Each structure stands twice: as structure tokens, then as C-alpha cells.
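Residue numbers (the numbering used here), protein chains in the order written: chain A, 1 to 603; chain B, 604 to 1206.
Even glycine gets a Cβ: it sits at the ideal position worked out from N, Cα and C.
Note that this is a predicted model, so its numbers are computed, not measured.
Here the structure comes first, spelled out in C-alpha cells, and everything after it is commentary.
There are 2 protein chains.
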Amino acid sequence: MAKEKTSDTDPAGRLAALRAQLATAKLDGFIVPHADEHQNEFLPPRAERLAWLTGFTGSAGLAVVLADEAAIFADGRYTLQVRAQADGGLYSYHHLIDEPVTEWLEKNLSKGTRLGYDPWLHGVRGVERLRKACEKAGAELVAVEDNPLDAVWRDQPPPPQTPVVPHELRFAGRASADKRQDLAEKLSGNDIDAVVLTQPDSIAWLLNVRGNDVSHTPLPLSFAILNADATVDWFVDPAKVSDELTAHLGNGVSRHKPDGLGKALDKLGKAKSRVQACPDTAPSWVFDRLAGAKADIRRAADPVTLPKAIKNDTELDGARAAHRRDGAALTRFLSWLAATAPDGGVTEIGAVKKLAEIRGQGDLFRDLSFGTISGAGPNGAIVHYRVTPETDRILGDGEFYLVDSGAQYLDGTTDVTRTVAIGAPGAEMRDRFTRVLKGHIAIAMARFPSGTTGAQLDTLARQFLWQSGLDYDHGTGHGVGSYLGVHEGPHRISRAGTAQALLAGMIVSNEPGYYKEGAYGIRIENLVAVTALDDIEGGEREMLGFETLTLAPIDRACIEVSLLSEPERAWFDAYHARVSAEIGPLVDEAARAWLEAVTQPLG
Amino acid sequence: MAKEKTSDTDPAGRLAALRAQLATAKLDGFIVPHADEHQNEFLPPRAERLAWLTGFTGSAGLAVVLADEAAIFADGRYTLQVRAQADGGLYSYHHLIDEPVTEWLEKNLSKGTRLGYDPWLHGVRGVERLRKACEKAGAELVAVEDNPLDAVWRDQPPPPQTPVVPHELRFAGRASADKRQDLAEKLSGNDIDAVVLTQPDSIAWLLNVRGNDVSHTPLPLSFAILNADATVDWFVDPAKVSDELTAHLGNGVSRHKPDGLGKALDKLGKAKSRVQACPDTAPSWVFDRLAGAKADIRRAADPVTLPKAIKNDTELDGARAAHRRDGAALTRFLSWLAATAPDGGVTEIGAVKKLAEIRGQGDLFRDLSFGTISGAGPNGAIVHYRVTPETDRILGDGEFYLVDSGAQYLDGTTDVTRTVAIGAPGAEMRDRFTRVLKGHIAIAMARFPSGTTGAQLDTLARQFLWQSGLDYDHGTGHGVGSYLGVHEGPHRISRAGTAQALLAGMIVSNEPGYYKEGAYGIRIENLVAVTALDDIEGGEREMLGFETLTLAPIDRACIEVSLLSEPERAWFDAYHARVSAEIGPLVDEAARAWLEAVTQPLG
């Protein structure tokens, strides 16, 4: 049946067009998630189907379109935004966590309903939950390979096609062939013949390649199969691959067109291979195809995730170097801010631009690692705030200004938050800032036995706020890649936690905060690397600690010094002395003079 | 077939007799766990089958007897003890955790083997694991209601038959009828018709009764069914129940003989009832019988566990009163120890006896809550040490002496550990003691938001040891009952943790420690009650904290004062002032003078 492109100029027209297309395809409904084939954090434009259909641009969400009703689901961060962007006349609003889509389906689907989904955009665990909900309602969940929304999205952008480039050994630290060999041995040890890799950052790490297919993360979009003999079948658009890259990859990597994946999976099935894939991140399409080919499917986590998280010495040295350059950029920015903001001459957007301009001048700079969060006064209390011309504020006297930003350098990824006072902060603001700082220092100074998880450390960061009946509603730290994702697993510091122990070489953020709605926000974030501590006098256990990577001054004007203990003051002064010594030589004279002044001991 | 009693005078004879009995019963093997029908912590003598058969008296373990081999499993605490007590010529030794019995069965059972187990002594989850292992080996796991070991144990003690007594409302705080009503409403809300209760402490709490069937915990052994109409069918030996008790129980409780349980379960099945039972604690026999009767079985945790853990105001007042009397007893003991031990006149056994003698004089005293741990010098480093005439030591000069003990009073259960210096402790000992104390104080002073679990607090207790590369290998705290088990769930403070949040009214121990093998052990344990904090100035969240219940001096001679922060010293001095004020009036003049001296501010 020919695909008919219909009117799609406004949300109502788009929804009507989709419904007409569903009718043609004999479907009673369709699920539109905010997702792509790779479960990317940042989507390529062609995967922004939810935004195109509904207008809602949040980073998480889902719509269900039925013939005569439609629902949109967003989490607590986007309660207001989804109402502003998606038309309440077309969509009913629901809370993604408190009113899960599965419950909505159970209640709203009629017996016999055929609800479609795109098996490329859902993990297999997610599909199983959806299927169960449909079955409870007597409805049928139907995989639809040709996404009906794509059929009506007339000017849907094509897949990104940026060149894939080698990630040089001087940054990667270990050759792809060696990484593949290590993993292949583990696969063989587990009696696995092949593993399907669908996460672009796993493939980028394994092949030592980078790309530019999405914002902020230097990823080429592709799929791969790693075989137990350490060879890789790589499914990537040939237009993205140069001869130089082919040479870089060597003999162990066979290139195929993206649409060759299905046949490769069929072949594995025919050979009765034991094939591993990740039930959380691999599209259910992969599992369906493998099952159809009668492969022996083993569900297990992506095996690249853990070795990727454990940075080698080259990556750690790169991270240190990247953080020195990034610290110099941030110091120049903060010094400019100190000179300019008190006169009321800086807006949130102006600050974002200035910081990006300075960062862009740094060696090996490639991109920001995420959209800068730049919030003055009450806007700082919105944890995931992104300034727009409508919300832009001047950094006002007596306010806190919170700036959370980072960059992608060839040798490392950065992510840093500073909260600075414009003029003189009030006593309550200083009390809260100091409690957040004490939590930050508690993580920075923590020592812990081998085997400890991030969940076990999370309380150290919160304890001083808890003493005052306060808290913050986000994790204390997330893993960070090496010129890769600014958010990566499998570890984190969070009360929810994971079972993954912190291991030497992992990089994680240390970012406690405090947010007073309508008033101000505080967050102090450095990246730290997990380090083995071999030299504790009288120590009996294998212990780990953190090396702070981020180098930028923390605003002394925000601190109530009397609340700091002696060890906390010693840590703070030593950190500032290090910032001054390492960053001072990298900035101009004016910034250096400012830096020296603001990094004097608390005394 | 008549049961034949054979020779059972030594371990070899007992094992041979059991094997003969197995042959008669057409079994190729049998599993002998350390367990009774109620998953009790302290077993009645007739349930000490593992000890009778093998000689091993540890509190956890299991034997598997096959026709020509036998294996015994014990955990790391009992590595030495099991080798000393069980004959290596009869049993191969295995580690209960590292070499699970399931793996051993998979390797050692032959195809067609019929392995018996007593369905009264295993939970249903445990049986499922055993069955899976047997199936992998091609063997069959067979439920055997008439335990073949009982058939050959000639002088097996009868079931305990101590009187059941009312637990008065002035101690229980809430009438049984009200408790039953509360629970019945929850059952109805969950569409449950009845729940089978098999844990004696749950039944004791629900019916407001106590007994004396096992050591240290005032339990009557029995089974019960709580119905959704708030009535209870109680299966208990009539010889244990007086007319007074029957009157106390009232109309809502119907008494039945213990062997009536099976028929009652059959009746529930016949009525197609939805019946709840706990897969971890209820014997698999219950599930088998319900399944046979075609009941609609719902697996869920014992519904009494959580309400039992949340003490009401009467129970909390009782706990405070019990802790004052217990603190007076411990203070008298410590004052005696301070006067007597320095001359070398006290042994570990002598101290146990003295402490028991003093405690026994207290009002409302009924029993110790567990066997006292009394360890001098290197014996203090053995976490679960129980002194015997062979291991008994004099409390030596320059040593630490660790005493962990508790009592059962009608109004509350206590559990307290003190570590005291005999003579002058060395600098390392004081450093370690002070780090343990700082961890204890961190828990005592902790404030935390509603919803926080014990796992989130555990690190607060360890952080100061971690700074020195040290740790301890046990949890930081366990729940404690109200004139019930000294160990009870569902909450605890432990890195392994449970998902159960700490709730106001829960009692939990606060007992960090440090153990240097072959040298000394340190543990400082108080019980604390979780309390709502409504009065934190400027607080924004619902917060909880701890009220310390235990009142006894902590040995100042063990403290390196310079390691304490100002808030820690303030807590310590305030605690000692409280101990002196509350306990001083309860002890004789000599003890009072000593107490006043040892509770002076650290200054």
C-alpha cells in the first residue's frame, strides 16, 4: 500500500494525519515514545517524533494516540511545560511515574483494540510491560516496523550522516583490538557466541571512533555485533566512513550497511548461536528477529558498559588535562562575571553566550557536553532549567547565580556547577550554601572499602542539610564518559542506587544541592575519579577514595565559615591552593589576580 | 511399618541409625537443617536435630546425609567450631554461603536419587531452590512428614509445654481485638480471606500472650489463622492454656489442637478462600496442604511483622522504664568490675555470672534476652564469642573487656554492649575505640527524612573507621521487640539493607564495632527508638531522628578526646549527664559515687 503524505502543519492536523494513517494500517492506536533506536539521551532530529506530533519538547515522555482520544505522559520536571506545549484539547495530561502508561492502557483500551508500537523504539522489557497491560484489557499490542508517524511526517529530517573519525590511541589509551580481545575472552568464558551492541557509546568506545550524529555527545549512530573470536560486524552508513577510518579499524572489523543487521541476526540464529543482548537498552526488534531466527538468546547487560566506565591511565591523564583547560575557561568566565554582574549588566543568556565563547577557544574543544543551565535567583531553584528569551533574567544584586555547564574535549568530558553570589548573600543563603559545601567536601574526602556502592556514600552528602530538616531531590553523582556521554553508567552516587561497586578509574560527579522554590538554587559540582588508596597508615582493608578533577574556585562570599570543621577548612584551603597553582598560569593577568584573591585561605 | 529405635550413643551410631531408617523409608538421603517449624532463632531442644546427629551446635547450618557420604554446611563464624564438633570421618565440611548446598546437591546426587526433607523445617522458597538443584541432577526431592531422624532419636525431648500467659494491656498498649481489627481491615482491602501465621512472635504480639517455650524469647509455640472478620483460629497445645488465658483471649479467638491446622487449611481450600502465607517463614508444609486443598494461595510477607515493629506509646514508655532498670543493673556491674577486675580477680565466666545475678534482681525481670558475650583481650575479637570453661580468661591488665548482654523484662527487651579498659589501654586501642564511638554518636545524632532506610544510615557509623582503612564485618543495627525477640525485622541498619524505611516507633540497635584478631574487640551498643522531629527551625521536610534508650556509662578511659569534634563531645557529655541523673538514684551509694565520677564532662 502506498504511503500517503497528508496535511501536517499544526498539532491537530498532525494528529488527524496520524489517525488516518493508523486506520489505513488497520491499527486502533499507536504509542509515540521520546526515544530513538539506540536509547540515546540526546535524540537526532528525525527521532523527535513526540515533539513533532504534540509540540512537547521535554527530554522524557510518551504519547498514546487512539482513534478518539490521546494521552501524553511527562514526569514531574515537565508538569508545567507539557501543559504549555501540548494542546489540552487534543491530549489528556498524565504523570509518567505516578500514572504509568501501563495503568492508563489497562483502563482505556477496549477489548479487541490493536495498539501499534515501533519495535525499534522500545526495549524488550518495556514491550513486555506494555503487552501485559494490553492483555489485561483484552487488547493486542502489535509491532509495526514501518512507523506510521514517519509516513505522515512530510519533512522528517534524514538520519544524521556526519563523518566517523578515529579516536586516537593517545586519547583512548588502549587499542580497539585489545579491547575486543578482552571482551571476547569474557564472552567465550560465558559460552556466548556473539553479543549485539546497540548503544552508540559502547560501539564508539569499543572501536575507538567518534562522530557527531547527535548534540553534545560525540557519537556515530550504528549497530554492531561483537563475536567471540574478537571480530566485529559493524552496521553503519557507508557515507560516514572514510578510507582513513577503514585503515584505523583494521582487519578485525567488517563493515556492513545498516539494513544488513537483520540478515546477520538471521545467520546467527541459523547457526544456533548463543547471542547476548541487553533487555533494557537493545530495541525489542533485535529480540524479535533473533527469536524468529531461533537463536539461543541470552539476556544480559551490555558488556561494554563496565570496562568503558573504568578509565585507563591515558584517559585519566586526559581527564586531568581537559579539566585544567576547562577550569581555566570557567575561571576566566567567573572573573568576568565578578567584574560585570554587580552593575546589573549580565543576563542568564548573556552568561551562557560568554561562557560558550570562552570555552570554544580552548585546545581540543569540540562541543558543550550538555545545554548550559544558567539560573539567577528563583530560576536557579529549577533543577533542569534551560533559559529562554521569555524567562531570561538579569543577575540581580543579593541573588545567587547557578551555572551548570560542561564541554567535550578530545581528551575528556567535563561537567561543573558553581553557585556565586551577586552582591552580598543573606545569612540563610550562606547557611544553606555551607551545608551543601560540607556535603560536597564529605564526598571529596570520603575513604571507603573496596566493594562499596555509590548508594552507601549518598548520605554523606546530605547529612548536614538533614540536620536542618532540608534535602535535595536529585542524585548526588552520575558517571561521566571519556570524550563520550556526560551521563553514563553503571555506577552512580544516589540513594536509589545500583548494585555496582565503585571501582578505581571510574569518574563520577559530586554535586549536592539545595533549592528553595521561588527564591534561589545552590549546587556545587566537581567531577572526581575513584582512586585506590594504598598508603593509609595502619590500614587493614583495601580502600578507595576520590581524586577531585574539576579545578575552579568556589565562591567564598557564600560561606558561613563558622559552620566548617577544621578538616573541612583544611580541605577547602588546599583545594583553592591547588586551583590557584594549576589554573593561575593558564589565564591572563587580570583573571590571575582575581583568582589569587578569591583562593586565599579562609583564615 | 513400625518405627525401630536403634543405637544412637555416638555420632557414627546415630548416622548409621539414620541411614538404616532412610533405607526402610525407601529414601537415598535426607536433609537435616538447623531449624524448627517456626523458623525460630532459638530452637526448642527437640528441634536440635543437627546437633544431635552431628555434634555441631552452631546457630546456623545444615547436613545432607546420603547412603555413602554426608556433608555438613556452616558459615564463616563456625569454620573452626564445625571441625571441632563434627567428625571429619563422617562428614565433609562445606561453607554455607560460598559453597551453597544447592551446588553440592547438583554435583553429588546421582540420577534417580530420592532425597527426603521434612516440609515442616523448610520455607517454600528454600524448598524450591532445593528442588531445582535436585532436578538438575536428575534426582527427586521428596517431602517426608514423619521425620526419619525423630524415629531414631530415642530420647528426643517432647515439645515444650510451658504455660501461655496474658501480656497485660499495661505493657502491650493495645488490645488484641483492636490489633486483629486493624489487620483484618488490611486483609479485606487486599481481597484476602485469611492469613496463616507461623511465626510465634507474630502470634504472641497479635494475641497479647507470652510463653516460655524457648530460651531468651518469651514465646509460646503455636500456629494461627487470622480471618478477614478479625477472628483467629489458634492451634496450640491445650495443656499450655489456662482458663484465665481463655478469658483474656475472649470470643474472637477459637482454640484448636495443634494437629487441627491441616484440616483448617483443607476447609479454607474447600471454600475457595484466598489465603495468604509468607514464603520465607511459613513451612512449605503449609503451602503443600493449601495447594492440595486447592486454596487460592497468595504469597506475601507476614502482615504482623510491620505493625509489631512500630511500638505504641505504652510500649515505648515500657522500653524507657526497662532500660532504666537495666541501666542500673549494668551500672552496678560495671562499678563492681572497676573495683574488682584490676586485681586480676575477674574471669569471663565470673563476669557473666555476676551480671546475671544483678540483672535477676530487677523488677519485672524474666530472662536474659540472649546468651551473654563476655570476651577479654583476644576473645573480644570473636564477634559471636560464647565463653566456655576451656576458653575462659582472666580480664588482664591493659586489655579491653567486651560485654554484650540483654534482658527480657515484662515491659521491654534490652540489648547493650560496653567495652571497658582493664588498666590503661594503649594509644592504638584508644584511637580505634574513639573511631567506633564517633560512628555510634553519628547514628545517635542522625536526622533523616521520612522514607530513609537503615541502609542509607549505615555509612554514618563506619566513616571514621574507613578514614583509617578499617571496618567491621557485621551490621550496624537490628530491630528489637517489646518483651519479644531481641532480633526482629523488618528494619535494620546495614549496608545489605532492606527496602523498609525507618518509621517512628521502631526500636533498633546502634552498635558499630572494631575487631583486631588475636588482640581485642570493641563494640559500643545502645538501643534507640525512631522519633518524629517536628521542631527543627527552618526545616522543610518531615524528619526523623533517634532517641537513645540505653542508659549506662561509656568508658572514658578508652577515649582519645582530641579525636572528638565539639558536637560529639557535647553529645557524649549530655548523654553521661543523663545517665548520671536517671541511673544515679537507682543504685547504691558506692555505685552512685563511681557513676558520678565516670560521667563527669570530658572537659
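CA-to-CA distance, residue j to residue i, given in whole angstroms
i	j	result
V232(A)	A590(A)	53 Å
K606(B)	A619(B)	With a pLDDT of 42 at K606(B), under the threshold of 50, the modelled position of that residue is not reliable, and no figure is offered here.
S805(B)	V817(B)	15 Å
S222(A)	D266(A)	18 Å
Q764(B)	L1154(B)	36 Å
G1092(B)	I1044(B)	23 Å
I1157(B)	E1171(B)	14 Å
V907(B)	L822(B)	15 Å
H615(A)	A381(A)	It is not possible to answer for residue 615(A), since the shown part of chain A is limited to 1 through 603.
P803(B)	H641(B)	7 Å
R298(A)	S405(A)	39 Å
K354(A)	T340(A)	12 Å
T1151(B)	V1131(B)	4 Å
G497(A)	S938(B)	46 Å
A277(A)	D288(A)	12 Å
A885(B)	N227(A)	47 Å
K263(A)	P159(A)	21 Å
A570(A)	D302(A)	42 Å
E185(A)	T417(A)	40 Å
R274(A)	I192(A)	5 Å
A51(A)	E390(A)	20 Å
Cβ of residue i within 8 Å of any chain B Cβ
i	result
T459(A)	yes
D473(A)	no
S450(A)	no
T6(A)	Here T6(A) scores only 46 on pLDDT, less than 50, and its place in the model should not be relied on; the value that follows carries that caveat. By this cut-off, T6(A) is not an interface position.
R430(A)	no
R435(A)	no
Q467(A)	yes
K556(A)	Here residue 556(A) is Arg; the residue named in the question, Lys, does not match the sequence. Chain B contact via Cβ: absent.
L169(A)	no
I390(A)	It is worth fixing the name first, because residue 390(A) is Glu in this sequence and not Ile. Closer than 8 Å: no.
Neighbour-count burial assignment, residue i, 16 or more Cβ in a 10 Å radius
i	result
P1204(B)	exposed
H576(A)	buried
D397(A)	exposed
T79(A)	exposed
E918(B)	buried
P449(A)	buried
A736(B)	buried
V755(B)	buried
M604(B)	Its pLDDT being 36, under 50, M604(B) is placed unreliably in this model, and the coordinates cannot settle the point.
Any chain A beta carbon closer than 8 Å to residue i
i	result
I1139(B)	yes
M1109(B)	no
Q802(B)	no
Q1066(B)	yes
L1073(B)	yes
R1098(B)	yes
Q1059(B)	yes
R561(B)	A query on residue 561(B) cannot be resolved here, the shown segment of chain B reaching from 604 to 1206 and no further.
Cutoff 8 Å: residue i Cβ touching any chain C Cβ
i	result
E1143(B)	Chain labels in this structure do not include chain C; the protein chains are A and B.
List in chain order: all unbroken beta strand (DSSP E) runs of 3+ residues lying wholly within the stretch 530-559 of chain A.
List check, beta strand (DSSP E) in window: 543-548.
* Taking only beta carbons into account, state which residues of the stretch 1110-1130 of chain B come closer than 8 Å to chain A, listed in chain order. => The stretch 1110-1130 of chain B vs chain A, Cβ under 8 Å: nothing.
Problem - Minimum length 3: unbroken beta strand (DSSP E) runs contained in the stretch 349-403 of chain A - result: DSSP runs (the beta strand (DSSP E)) wholly in the stretch 349-403 of chain A: 365-368 and 373-376.
Only counting runs of 3 or more residues, tell me where the beta strand (DSSP E) segments fall wholly within the stretch 1001-1052 of chain B, in order along the chain. Counting whole runs of 3 or more residues, the stretch 1001-1052 of chain B contains the beta strand (DSSP E) stretches 1002-1008, 1010-1012, 1019-1025 and 1050-1052.
| query | Which runs of the alpha helix (DSSP H), 4 residues or longer, sit entirely within the stretch 269-315 of chain A? | reply | Here the runs fully enclosed are 284-292 and 305-309.
Notebook entry, point to check: Given a limit of 8 Å on CB to CB distance, which residues of the stretch 83-108 of chain A reach chain B?
Noted result: Cβ proximity to chain B below 8 Å picks out nothing from the stretch 83-108 of chain A.
Point to revise | Contact set between the stretch 1162-1180 of chain B and chain A, restricted to residues whose Cβ is under 7 Å from the partner | key: In summary, the residues of the stretch 1162-1180 of chain B whose CB is separated from some CB of chain A by less than 7 Å are S1168, in the order they occur in the chain.
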